[in-house]
Amino acid sequence: MTTYMDRAEIVLWVRHADGRWSPRTVWVVVLNGEAYVRSAFGRRSAWYRRVLRHVDTEVEVAGVRLSVTLRPVDDPELVQRVSGAYRAKYGLSWPGPMESMNGPEAAATTMRLTNVGQVS
25 MTTYMDRAEI VLWVRHADGR WSPRTVWVVV LNGEAYVRSA FGRRSAWYRR
75 VLRHVDTEVE VAGVRLSVTL RPVDDPELVQ RVSGAYRAKY GLSWPGPMES
125 MNGPEAAATT MRLTNVGQVS
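According to our numbering, the sequence shown holds residues 25 to 144 in order.
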């Protein structure tokens, strides 16, 4: 997952109830070798709600798609560390959007990317 560190964005491919896939570009941060994403619009974001309902998710980085599982992070201390990683990575270039990403609504949607595997 550390290869994501130099990427400003990744594409999440989220499965719909009818089996279709849709892409969503998101910011990604890496903390202690693990990748994390958030919904800038909090729990009202459609892609976030789909991820919670359908565990099948894929991530695309540099044209390569990988299957992943997104696991919600409920440890407040870890959520704060992820917020610090967002601030360090995006704060100078994108201060306004970064503040939204670190707001309480977005922070509540922090998810860890796990079970990364190649899509066949």
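Idealized CB from N, CA, C, for every residue including glycine.
Looking at the secondary structure, which residues open and close the alpha helix (DSSP H) in which residue i lies?
{"i": "S124", "result": "119-125"}
{"i": "S107", "result": "100-114"}
{"i": "R73", "result": "70-77"}
Would you report the Cα separation of residue i and residue j, rounded to the nearest angstrom?
{"i": "D42", "j": "V106", "result": "33 Å"}
{"i": "G108", "j": "N126", "result": "9 Å"}
{"i": "R74", "j": "A64", "result": "15 Å"}
{"i": "D99", "j": "G115", "result": "23 Å"}
Using a threshold of 9 Å, state whether the C-beta atoms of residue i and residue j are closer than that.
{"i": "V38", "j": "R48", "result": "yes"}
{"i": "R136", "j": "E84", "result": "no"}
Buried or exposed: which applies to residue i, given that a residue is buried once 16 or more other Cβ atoms fall within 10 Å of its Cβ?
{"i": "R62", "result": "buried"}
{"i": "M25", "result": "Residue placement at M25 is flagged as unreliable, the pLDDT there being 46, under the threshold of 50; a coordinate-derived value is accordingly withheld."}
{"i": "S144", "result": "Here S144 scores only 47 on pLDDT, less than 50, and its place in the model should not be relied on; the value that follows carries that caveat. Exposed, because fewer than 16 other Cβ atoms sit within 10 Å of the Cβ of S144."}
Can you tell me where the beta strand (DSSP E) holding residue i begins and where it ends?
{"i": "A59", "result": "58-61"}
{"i": "T133", "result": "Taken as a continuous stretch (DSSP letters only), T133 belongs to no beta strand (DSSP E), as it is neither H nor E."}
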